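Residue numbers (our numbering), protein chains in the order written: chain A, 22 to 175; chain B, 30 to 300.
The block underneath contains the structure these notes are about, expressed in structure tokens.
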Amino acid sequence: MENPTPETIEGLLQAVHDPEIPSVSIVDLGMVGSVEMAGDVLNVSLLPTFVGCPAQRLIEAQVAARLSKALPGYHIGVRFNLTEAWSSTRISEAGRKALRAAGIAPPGRTLDEVACPFCGSANAVLENLFASTSCRSLYYCKQCRNPFEAFKPL
Amino acid sequence: MVPWSIEELKRESGARAAAGELLFQLADDDFIMGYRDQEWLGLAPHIEEDVAFGSIGQEEIGHAALYYRLLEELGFGRADDLASLRPAEERRNAVLLEQPNGTGDYLDNPHFDWAWTIVRHYCHDLWEIARLEGLRGSRVTPMREAAEKILGEKRYHRAHQELWMRTMASRNGESRERLASAVAHVGEWAGDLTEWGPARKDLIEWGILPDPDGVKAQFRHQLEAFLTVLDVSVPTIRMPFNGREGQHTKALTKALEHLSEVYRLDPLAQW
Chain A
22 MENPTPETIE
32 GLLQAVHDPE
42 IPSVSIVDLG
52 MVGSVEMAGD
62 VLNVSLLPTF
72 VGCPAQRLIE
82 AQVAARLSKA
92 LPGYHIGVRF
102 NLTEAWSSTR
112 ISEAGRKALR
122 AAGIAPPGRT
132 LDEVACPFCG
142 SANAVLENLF
152 ASTSCRSLYY
162 CKQCRNPFEA
172 FKPL
Chain B
30 MVPWSIEELK
40 RESGARAAAG
50 ELLFQLADDD
60 FIMGYRDQEW
70 LGLAPHIEED
80 VAFGSIGQEE
90 IGHAALYYRL
100 LEELGFGRAD
110 DLASLRPAEE
120 RRNAVLLEQP
130 NGTGDYLDNP
140 HFDWAWTIVR
150 HYCHDLWEIA
160 RLEGLRGSRV
170 TPMREAAEKI
180 LGEKRYHRAH
190 QELWMRTMAS
200 RNGESRERLA
210 SAVAHVGEWA
220 GDLTEWGPAR
230 KDLIEWGILP
240 DPDGVKAQFR
250 HQLEAFLTVL
260 DVSVPTIRMP
270 FNGREGQHTK
280 ALTKALEHLS
290 EVYRLDPLAQ
300 W
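Quick look at the structure:
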């Protein structure tokens with residue numbers, strides 16, 4: 022059997038989602054650090070978005086389950102590590118689009134650089150740096166008068 | 030100095046002990062702070078703040094878990110046991126952070142003090158940021174990586190507390206008075222926050238945290254600069270106990286009994 026390419030692995034991991042943002046895959050969130058293949062051993066390192074994010078163990082288990090099922094016969098190792106620090110610039114264009122569709126503004130370069138995911142207006146004020154999960158802040162759109170959450174720049 | 034992995038650090042017993050001291054200070058600080066934060070659940074000034082402060086507390090516990098994991102890798106014991114089973118006299122957190130949020134109890138007539146909570150948390154954030162920036166110069170690669178990652182998150186904590194302190198300072202009357210009295214009250218307990226315990230010299234010699242005095246100076250400078258902006262007096266700092274040497278108050282014993290109650294029922298349970 023031919024070894025799967027990194028692209029194949031990435032394709033498989035498109036099916037794994039952060040349970041707190043179910044519309045965006047961990048690949049598009051930039052959480053896949055490295056994929057190493059040696060013989061029949063496949064090691065995947067994942068990067069935590071926020072250190073205390075409680076979803077890490079669940080994501081680890083889902084990645085392992087997904088790869089074991091698709092690649093029987095391989096020894097799969099999945100581990101979160103910090104050798105490379107995750108940053109919000111790792112979120113892909115597809116990921117940013119999916120965040121917007123889920124009502125979450127994608128991260129800007131600064132906290133001020135934010136657009137309302139509902140009406141697109143930049144006329145929004147920061148209400149609280151912390152919101153329903155570690156990775157988001159709370160804003161209020163003065164244009165369409167909706168509260169919304171935005172992914173924190175990190 | 031040549032960078033060290035955990036395995037390389039373990040080979041030098043003096044360096045391992047000094048790194049352990051510092052990691053216990055970091056871990057125990059965040060662990061008890063996260064516990065005090067969580068006691069506000071359902072009680073914070075408004076509903077959005079309730080959610081926000083819950084997130085901050087969750088991050089504190091997450092950071093503590095990362096430090097305890099490094100201690101586990103260094104051979105100090107299982108991370109979960111280090112968090113839940115060590116008695117008060119083995120803890121290295123600052124005594125300031127173990128003090129209750131106010132009078133009463135979470136379940137019984139809580140009269141918590143928001144100004145005290147925010148000012149204390151601000152001092153904790155400032156001190157941790159200073160230590161983590163100091164750790165950027167560490168020769169221990171995993172400690173440097175952890176510091177880099179946690180710094181990004183801690184800066185949001187500091188910004189959150191700064192915003193509250195600015196808000197409290199911007200109104201005369203009760204608001205400013207409560208802020209000023211919280212700052213003075215924090216000063217009465219804050220002495221050991223910026224202590225290093227017995228490891229200071231070894232931290233420098235082994236290159237684990239090369240400039241502890243610079244870290245302390247940075248903290249002092251930033252605290253005074255911000256209080257000056259707010260036009261609040263810089264408090265007299267007292268040190269009734271030194272938590273970095275294992276001296277603690279009954280408040281810690283009580284908190285540990287409560288937070289480890291379930292864990293102690295069955296320490297071998299898989300969570």
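The beta-carbon is built from N, C-alpha and C at its ideal position, and this holds for glycine as well.
In this text, all values refer to a predicted model and were calculated from it rather than measured experimentally.
Check                                                                                                                             : Outcome
Residue span of the beta strand (DSSP E) that contains A:E170, given as start and end                                             : 168-172
B:V258 vs B:V212 beta-carbon contact at 8 Å                                                                                       : no
Buried versus exposed, by CB contacts within 10 Å (16 or more), B:N130                                                            : buried
Residues bridged to B:T132 (per DSSP)                                                                                             : B:H140
DSSP bridge partner residues for B:R173 (one or two, in chain order)                                                              : Paired residues: none, contrary to the question.
B:Y64 versus B:Y96: straight-line alpha-carbon distance, rounded                                                                  : 16 Å
Distance between beta carbons of B:L103 and B:R45, contact taken as under 8 Å                                                     : 6 Å
Alpha-carbon to alpha-carbon, B:R121 and B:Q54                                                                                    : 5 Å
One or two residues paired with B:R120 in a DSSP bridge                                                                           : Its beta-bridge partners do not exist; DSSP assigns none.
Chain A contact for B:K178 (CB, 8 Å cutoff)                                                                                       : yes
Top-ranked residue by Cα proximity to B:R146, from B:I158, B:E127, B:G163                                                         : Correcting the residue identity first, residue 146 of chain B is Thr in this sequence and not Arg. Comparing Cα-Cα distances from B:T146 to each of B:I158, B:E127, B:G163, the minimum goes to B:E127.
N-terminal and C-terminal residue of the alpha helix (DSSP H) that B:G83 is part of                                               : 76-102
Of the listed residues B:G226, B:W143, B:T265, nearest to B:G272 (C-alpha basis)                                                  : B:G226
Cut-off 8 Å between Cβ atoms - residues of its own chain near B:R107, not counting five sequence neighbours on either side        : E101
Straight-line gap, B:A47 to B:G236 (C-alpha atoms, nearest Å)                                                                     : 10 Å
Short Cβ contact (8 Å threshold) for A:V99 with A:A115                                                                            : no
Contacts around A:N167, its chain only, beta-carbon distance under 6 Å, and the 5 residues preceding and following it disregarded : F139
Counted within 10 angstroms of its Cβ, other Cβ atoms place A:H96 as buried (16 or more) or exposed                               : exposed
Interface flag, B:L95 vs chain A, CB-CB below 8 Å                                                                                 : yes
Beta-carbon neighbours of B:H189, restricted to chain A and to distances below 7 Å                                                : L150, F151
Reference B:H186, options A:S158, A:D133, A:V45, closest by Cα                                                                    : A:S158
Separation of B:H214 from B:S204, as counted between CA atoms                                                                     : 15 Å
Own chain, CB closer than 7 Å to A:L147, minus 5 neighbours either side, in chain order                                           : L132, S158, Y160
Sufficient close CB pairs (3 or more, under 8 Å) joining the region 171-189 of chain B to the region 277-288 of chain B           : no
B:L125 to B:F248 span [Cα, whole Å]                                                                                               : 16 Å
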